[in-house]
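With the first letter of the sequence shown counted as 1, position 72 gets the number 72 in my numbering; the numbers rise by one all the way through.
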Amino acid sequence: MNTLDFTIRLALSLLLGASIGFERQWRQKSAGLRTNTLVSLGSTAFILLSISIGGDATGRVASYIISGIGFLGAGVIMKDGMSVQGLNTAATIWCSAAIGSLVGVGLYEEAIIL
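Shown next as structure tokens:
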């Protein structure tokens, strides 16, 4: 992978993560612009790292991203009696990671659709 392709993937991940985060920030929800941008960008960076390692590392790293984001999402879910808050925020973070991972492996159209 050359530097231009690497940069394009990171830039697209940043743009898509920021677009999700902007909507969350605009609606004054938690996990806004910075969080979604960083989650998407971090997922892309880890996928790109796994691609450079080669072998079956990409599949393993992708599964670890899912697990790690699950812990992050669990941290934003709060239960107060019968009321549960933060499920949409957790799902948004999870989708930002999925978008970043899709961009990392080069599935640009799929990432944009998601």
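Ideal Cβ positions, reconstructed from N, Cα and C, are used throughout, including at glycine.
As the structure is a computational prediction, the values presented were derived from the model and not from experiment.
Contacting residues, own chain, Cβ-Cβ under 7 Å from residue i (five flanking each side not counted)
i                : result
phenylalanine 46 : Val61, Ile65
leucine 72       : Ile93
methionine 78    : Gln85, Gly86
Residue span of the alpha helix (DSSP H) that contains residue i, given as start and end
i           : result
serine 50   : 33-53
valine 103  : 87-104
arginine 24 : 3-26
Beta-carbon proximity list for residue i, same chain, < 6 Å, skipping 5 on both sides
i             : result
asparagine 36 : Gly17, Ile20, Gly21, Ser96
threonine 89  : Ser30, Ala31, Val76
asparagine 2  : none
Limits of the unbroken beta strand (DSSP E) element including residue i
i            : result
aspartate 56 : Element bounds for aspartate 56: n/a, residue is neither H nor E.
Per DSSP, cross-strand counterpart(s) of residue i
i             : result
methionine 78 : Gln85
Proximity below 9 Å, CB of residue i to CB of residue j
i             : j             : result
alanine 98    : leucine 12    : no
leucine 48    : leucine 87    : no
isoleucine 69 : tryptophan 94 : yes
glycine 106   : glycine 42    : no
glycine 116   : threonine 7   : Since the first residue of the chain shown is 1 and the last is 114, residue 116 is not available in this structure.
serine 40     : leucine 14    : yes
Nearest-angstrom beta carbon gap, residue j and residue i [assumed within contact, 8 Å]
i           : j            : result
leucine 127 : glutamine 25 : In the structure as shown, the chain starts at 1 and stops at 114, and residue 127 therefore has no counterpart that could be examined.
serine 63   : alanine 57   : Not confirmed; about 11 Å, so no contact.
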